[in-house]
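K.L.:
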Amino acid sequence: MKVRKGELVGLLGRNGVGKSTTLNSIMGVVTPQSGSIIFEGNNICGLQPYQIARRGIGIVPEERRIFPTITVRENLLMGQKPAAGSQGNEWTIDKIYEYMPLLKKLDGNKGGYLSGGEKQMLSIARSLMGNPSLLLLDEPMEGLAPVIVNELCGMIKRINETGVSIILVEGSMRSILQVCQRVYVMAKGAIVFDGSADELEQNKDIQCTYLEV
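For the sequence shown, this note's numbering begins at 74 and goes up steadily by one.
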């Protein structure tokens with residue numbers, strides 16, 4: 074599996090095939106049993122998650138994990154760190170609010186009072202405050218209304234246009250086809266498809282065998 078600089082790549086597959094494990098392996102939460110993970114020319118296998126984050130990789134976990142008792146602004150500040158991986162394209166609170174004006178309106182609201190879509194937006198924004206050059210998104214659309222999914226898809230594309238590389242893990246093919254330039258399909262821990270979003274949309278065999286429930 075390869076992600077080029079500035080790419081927005083999708084990773085699809087049924088539940089339990091290893092999508093989240095792949096992201097956790099990249100972040101150092103899970104130790105790979107074999108192989109290597111090369112980031113910007115260096116093998117990062119064996120590094121601690123905080124060391125990997127400092128090198129410029131950020132993750133938005135499936136559970137969102139925002140702090141419910143502090144405000145939106147305070148949640149953002151919790152994720153702030155120097156622009157190690159952003160190559161000068163530093164994310165600040167003002168820049169976050171420019172890209173996500175809804176969060177600006179919610180600036181003083183506590184995390185626990187946000188809706189599911191607002192929490193997901195905040196979780197992505199907090200990760201951006203770490204100034205990653207590679208952002209890992211673990212099923213950010215899960216459980217959200219279609220109108221919120223469309224809004225998040227547009228936001229993810231705008232983030233990618235700033236130069237941030239993104240791996241988007243999803244169970245739904247619709248969101249992946251809407252935003253990703255290239256797509257991987259995973260089954261039983263292995264990649265079974267690598268191609269463009271258009272190629273996947275036309276490949277009914279892959280869809281029926283590995284994606285449909």
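Built from N, CA and C at the ideal position, the CB exists for glycine as well.
(1) Mind the definition here: the segment 210-219 touches the segment 172-187 only if three or more C-beta pairs lie below 8 Å; say whether that holds.
(2) Using the beta-carbon count (16 or more within 10 Å), is Ser107 buried or exposed?
(3) Between Lys192 and Cys118, what straight-line distance do the alpha-carbon atoms span, to the nearest angstrom?
(4) Where do the N-terminal and C-terminal ends of the alpha helix (DSSP H) with Ile166 fall, by residue?
(5) So the candidates are Val76, Asn88, Lys75, Ala263; which of them puts its Cα closest to the Cα of Glu285?
(6) Start and end of the beta strand (DSSP E) containing Ile132?
(7) How close, in whole Å, do the beta carbons of Ala126 and Gly227 come, if the pair is a contact with beta carbons under 8 Å?
(8) Excluding the five sequence neighbours on either side, which residues of its own chain have a C-beta within less than 7 Å of the C-beta of Gly79, listed in chain order?
(9) For the beta strand (DSSP E) containing Val265, name the first residue and the last one.
(10) How many whole angstroms separate the CB atoms of Tyr283 and Val265, which I take to be in contact at a CB cut-off of 8 Å?
(11) Tell me the DSSP secondary structure of Met194 in three-state form.
(12) Take Ala263 as the anchor and find which of Glu136, Glu224, Gly91, Ser245 has the nearest alpha-carbon.
(13) Out of Leu201, Ile221, Pro219, which has the shortest C-alpha to C-alpha gap to Asn233?
P.N.:
So, from the listed chains and residues:
(1) no
(2) exposed
(3) 31 Å
(4) 166-172
(5) Asn88
(6) 130-133
(7) Actually they are not in contact, since the Cβ atoms of Ala126 and Gly227 sit about 26 Å apart, beyond 8 Å.
(8) Gly236, Ser238
(9) 263-269
(10) 6 Å
(11) helix
(12) Gly91
(13) Leu201
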